[in-house]
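For the protein sequence lines, the chains are A and B, in the order given.
Sequence positions in the first sequence follow full-length UniProt numbering and run 1 to 353.
Sequence positions in the second sequence follow full-length UniProt numbering and run 1 to 283.
Don't be surprised by glycine CBs; every beta carbon is placed ideally from N, CA and C.
The structure appears below as structure tokens.
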Amino acid sequence: MGSVSIRDVRKSYGSMEILHGVSIDIADGEFVVLVGPSGCGKSTLLRMLAGLEEITGGEIAIDDKVVNALHPKERDIAMVFQSYALYPHMTVAQNMGFSLKLGRAPKEEIGRRVAKAADMLSLTPYLDRYPRQLSGGQRQRVAMGRAMVRDPKVFLFDEPLSNLDAKLRVQMRSEIKQNHQRLKTTTVYVTHDQIEAMTMADRIVVMHDGVVEQIGTPLELYDFPRNLFVAAFIGSPSMNILSGKLSGNSFITADSSAINLPFIPASTNDETVSLGIRPEHFALDPNGMAAEVITVEPTGSETQVAMLLGGHEVVAVFRERITTRPGECLTVKLDPERIHLFDGQSGLRLGQD
Amino acid sequence: MSDTTLKLKRTGMPMPLVIVGSALLVLVCLFPFWWMGLSSIKTLRELYTIPPIWWPSLPTLDNYRTVLFESNIPRYFLNSVVISVGSTALALILAIFASYGFARFDFKGKPALQSFVLIGQLLPTAAIIVPLFITLRVLGLVNSYWGLILVYMIITLPLSVWMLTSYFRAIPVELEEAAIIDGASRIGVLFRITLPLSVPGLVSVLVYAFVTTWNEFIFALCFATDSSVKTLPIGLAEFSTEFNTDWGAVMAASMVMTLPIAILFLSMQRLFVGGMTAGATKG
Numbered sequence: 001m002g003s004v005s006i007r008d009v010r011k012s013y014g015s016m017e018i019l020h021g022v023s024i025d026i027a028d029g030e031f032v033v034l035v036g037p038s039g040c041g042k043s044t045l046l047r048m049l050a051g052l053e054e055i056t057g058g059e060i061a062i063d064d065k066v067v068n069a070l071h072p073k074e075r076d077i078a079m080v081f082q083s084y085a086l087y088p089h090m091t092v093a094q095n096m097g098f099s100l101k102l103g104r105a106p107k108e109e110i111g112r113r114v115a116k117a118a119d120m121l122s123l124t125p126y127l128d129r130y131p132r133q134l135s136g137g138q139r140q141r142v143a144m145g146r147a148m149v150r151d152p153k154v155f156l157f158d159e160p161l162s163n164l165d166a167k168l169r170v171q172m173r174s175e176i177k178q179n180h181q182r183l184k185t186t187t188v189y190v191t192h193d194q195i196e197a198m199t200m201a202d203r204i205v206v207m208h209d210g211v212v213e214q215i216g217t218p219l220e221l222y223d224f225p226r227n228l229f230v231a232a233f234i235g236s237p238s239m240n241i242l243s244g245k246l247s248g249n250s251f252i253t254a255d256s257s258a259i260n261l262p263f264i265p266a267s268t269n270d271e272t273v274s275l276g277i278r279p280e281h282f283a284l285d286p287n288g289m290a291a292e293v294i295t296v297e298p299t300g301s302e303t304q305v306a307m308l309l310g311g312h313e314v315v316a317v318f319r320e321r322i323t324t325r326p327g328e329c330l331t332v333k334l335d336p337e338r339i340h341l342f343d344g345q346s347g348l349r350l351g352q353d
Numbered sequence: 001m002s003d004t005t006l007k008l009k010r011t012g013m014p015m016p017l018v019i020v021g022s023a024l025l026v027l028v029c030l031f032p033f034w035w036m037g038l039s040s041i042k043t044l045r046e047l048y049t050i051p052p053i054w055w056p057s058l059p060t061l062d063n064y065r066t067v068l069f070e071s072n073i074p075r076y077f078l079n080s081v082v083i084s085v086g087s088t089a090l091a092l093i094l095a096i097f098a099s100y101g102f103a104r105f106d107f108k109g110k111p112a113l114q115s116f117v118l119i120g121q122l123l124p125t126a127a128i129i130v131p132l133f134i135t136l137r138v139l140g141l142v143n144s145y146w147g148l149i150l151v152y153m154i155i156t157l158p159l160s161v162w163m164l165t166s167y168f169r170a171i172p173v174e175l176e177e178a179a180i181i182d183g184a185s186r187i188g189v190l191f192r193i194t195l196p197l198s199v200p201g202l203v204s205v206l207v208y209a210f211v212t213t214w215n216e217f218i219f220a221l222c223f224a225t226d227s228s229v230k231t232l233p234i235g236l237a238e239f240s241t242e243f244n245t246d247w248g249a250v251m252a253a254s255m256v257m258t259l260p261i262a263i264l265f266l267s268m269q270r271l272f273v274g275g276m277t278a279g280a281t282k283g
């Protein structure tokens, strides 16, 4: 097991810089998820950690040892690829034991460790099969088994679940999480799916355009997004963002309706600001603001309503079963404790001071 | 719906037409070989009979006796084997490394180099005979196995490199990255992952190079004038003299020459099939 320290890491292809100085500290045994839209540099960062891409600038250290110049095999890491990348001409057992065989481990030891990993992943009946004879979920497990037998300092996962169907993805998600709880190996997991990030991570690193937008526990990111990007990225359905102006202790929307604020941020009055409110923080209130219903989507456990509020289209989620139709009017209240304010220009969170 | 079982209607051409068509195609392709085999067991008189005789009244092995015991063909056969195997092996080894480089590494001038590889293939044979002859003479390789092996390698290498490059490119790069993470060196990746998955590509190159060199005539005629290095195609030509041609012997020798190629194709047939990378990645 090991800690990982990424210090001001940069990556350029020619004159194009795609990682602009990323710093992340990962503690021993931690499960960290790198999440962001495609093209944000998260996979590149993972590949640099693995040693598959050169590090243009900065330093990566595993267990306090700088690995910039080390070959992947000297870094003591194991990686699970999005496409599984199983060796098609080898059986499941050979696939899993390949790294040990290359490391000249004795045959009995290879057999023992492969059997142990196969047992953990319930792959024992398939050890003599070839990858083409396995289902998608089984292939995914073999890819994980191949990483596990090595007992590395760090596990790297590069979007390992995105090729699976929705149901299997949820199942594998909890399997990966359980395996991490058993093995306690430091894990860096890349995904573009914020639900995966929220459900699996000890800490999430949100990346965008080659920079780290915020690092924190899932709930920290959810409750206190540092800027508009994180606010909009984390959560599904995503946070509603209304742009408007501040006036006294209220927020004036585009169509001049006022929303009372629980606090006055430290910025000046007539600057444009953005107000963020999550869908579940609306409540039906006869004295609230009027909103025109656009669509209603009942899911059984909750009702999702898209409506026009203060000149913006917003989405609200209600736990109660409300019967309303498009075109009707609802009166809703925003939970004042759950309102987020962001600077209109920089997009940064405005604090309560 | 009626309760009789419904069968899916076949689309496309009706079955009898397909069978007749395929049979006709096979017949056209095999006729020369059949005629070659037939002629090799005819007597000289029957060979020249008009209309042609479809089955000899007295099949004879005399032509084979002539070819195997009274001519230089056995020696030429050995020469052909040595030269073809040698040049094929050399071309395959060099092609593997060159193609892997072209397929997996980015380096300056790669497109230019790749085009240059093909230029050799574009030059007409007649244009390079004289320069090659002079080169071989300077090197002292005229009338030697090595001379022909090198010349044949030169003519088969370009296409082999191109064939293998595209084959290697089709192998998912993640497989190699996974092997590198697992601790393999580049050479280890090539021999443990890439080559085992490229067997159909390697076999195609092997067959192409072997057949090309086995059948080659012009270079052999110019660079091997001594019977200790002459190859089978030259041997066939030697049955034709200024005044007559022993067609029976030519046909028997042709049979002997065809045999290794037929064996090569039949034994490699199974390996041509693709699908080697099935199951490697998402499927």
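Any non-hydrogen atom of the ligand COA closer than 8 Å to residue i Cβ
i	result
residue 97 of chain A	Ligands displayed in this structure: none; no statement on the ligand COA is therefore possible.
Delimiting residues of the alpha helix (DSSP H) encompassing residue i
i	result
residue 11 of chain A	Note, residue 11 of chain A: premise wrong, no alpha helix (DSSP H); beta strand (DSSP E) at 4–13.
residue 36 of chain A	No alpha helix (DSSP H) holds residue 36 of chain A; DSSP gives it neither H nor E.
residue 229 of chain A	228–233
residue 42 of chain A	42–50
residue 284 of chain B	A question about residue 284 of chain B goes unanswered here, because the residues of chain B that appear run from 1 up to 283.
residue 166 of chain A	166–183
residue 36 of chain B	15–40
residue 306 of chain A	Unbroken run through residue 306 of chain A is the beta strand (DSSP E), 303–309; no alpha helix (DSSP H).
residue 63 of chain B	62–69
Inter-residue spacing [alpha-carbon to alpha-carbon] between residue i and residue j
i	j	result
residue 299 of chain A	residue 284 of chain A	18 Å
residue 283 of chain B	residue 82 of chain A	Here residue 283 of chain B scores only 44 on pLDDT, less than 50, and its place in the model should not be relied on; the value that follows carries that caveat. Approximately 12 Å, taken between the alpha carbons.
residue 145 of chain B	residue 107 of chain B	36 Å
residue 353 of chain A	residue 241 of chain A	Caution is warranted here: a pLDDT of 48 is assigned to residue 353 of chain A, below 50, making its placement in the model unreliable, and no coordinate value can be reported.
residue 170 of chain B	residue 212 of chain B	25 Å
residue 138 of chain A	residue 318 of chain A	39 Å
residue 97 of chain A	residue 81 of chain B	41 Å
residue 172 of chain B	residue 85 of chain A	8 Å
residue 181 of chain A	residue 304 of chain A	35 Å
residue 288 of chain A	residue 222 of chain A	25 Å
residue 334 of chain A	residue 306 of chain A	15 Å
residue 1 of chain B	residue 19 of chain B	Residue placement at residue 1 of chain B is poorly supported in this model, since its pLDDT is 44, which falls under 50; the coordinates still yield a value, given next. C-alpha separation (whole angstroms): 34 Å.
residue 262 of chain B	residue 271 of chain B	15 Å
residue 47 of chain B	residue 135 of chain B	44 Å
residue 227 of chain A	residue 236 of chain A	17 Å
residue 264 of chain A	residue 248 of chain A	8 Å
residue 127 of chain B	residue 121 of chain B	12 Å
residue 55 of chain B	residue 259 of chain B	22 Å
residue 205 of chain B	residue 89 of chain B	10 Å
residue 199 of chain B	residue 192 of chain B	12 Å
residue 156 of chain B	residue 207 of chain B	11 Å
residue 168 of chain A	residue 224 of chain A	31 Å
residue 337 of chain A	residue 220 of chain A	15 Å
residue 69 of chain B	residue 129 of chain B	33 Å
residue 44 of chain A	residue 55 of chain A	10 Å
residue 160 of chain B	residue 196 of chain B	17 Å
residue 252 of chain B	residue 96 of chain B	37 Å
residue 242 of chain B	residue 99 of chain B	47 Å
residue 92 of chain A	residue 172 of chain A	18 Å
residue 139 of chain B	residue 158 of chain B	23 Å
residue 36 of chain B	residue 255 of chain B	7 Å
Residue i - containing beta strand (DSSP E), residue span
i	result
residue 287 of chain A	282–298
residue 7 of chain B	Element bounds for residue 7 of chain B: n/a, residue is neither H nor E.
residue 25 of chain A	16–26
residue 54 of chain A	Unbroken run through residue 54 of chain A: none, as it is neither H nor E.
Contacting positions in the segment 109–121 of chain B - beta carbon closer than 7 Å to chain A: The residues in question: there are none.
Whether or not the segment 133–151 of chain B and the segment 210–224 of chain B are in contact is what I'm after, with contact meaning three or more pairs of Cβ atoms, one per stretch, closer than 8 Å; do they touch? yes
Could you run through the segment 42–55 of chain A and flag, in chain order, every residue whose CB is less than 8 Å away from some CB of chain B? Of all residues in the segment 42–55 of chain A, 50, 51 and 52 have a Cβ within less than 8 Å of some Cβ in chain B.
Please go through the segment 56–142 of chain A and give each complete alpha helix (DSSP H) segment of 4 or more residues, from N-terminal end onward. 92–102 and 107–120
Using a Cβ-Cβ cut-off of less than 8 Å, list which residues of the segment 261–295 of chain A approach chain B; keep chain order. none
Between the segment 85–106 of chain A and chain B, which residues of the former have a C-beta closer than 7 Å to a C-beta of the latter? 85, 86, 87, 88, 89, 98, 99, 102 and 103
Interface positions of the segment 11–32 of chain A facing chain B (Cβ-Cβ less than 9 Å), listed along the chain: none
Which residue spans inside the segment 139–221 of chain B form an unbroken beta strand (DSSP E) run of at least 3? none
Segment contact flag, the segment 42–52 of chain A with the segment 61–73 of chain A, C-beta cutoff 8 Å, min 3 pairs: yes
Quick one: any contact between the segment 3–10 of chain A and the segment 58–68 of chain A, if contact means 3 or more CB pairs under 8 Å? yes
Pairs of beta-carbons, one from the segment 27–46 of chain A and one from the segment 171–188 of chain A, closer than 8 Å: are there three or more? Contact between the segment 27–46 of chain A and the segment 171–188 of chain A is present, because at least three Cβ pairs lie under 8 Å.
Residues from the segment 179–190 of chain B in contact with chain A, defined by Cβ distance under 8 Å: 179, 180, 181, 182, 183, 184 and 188
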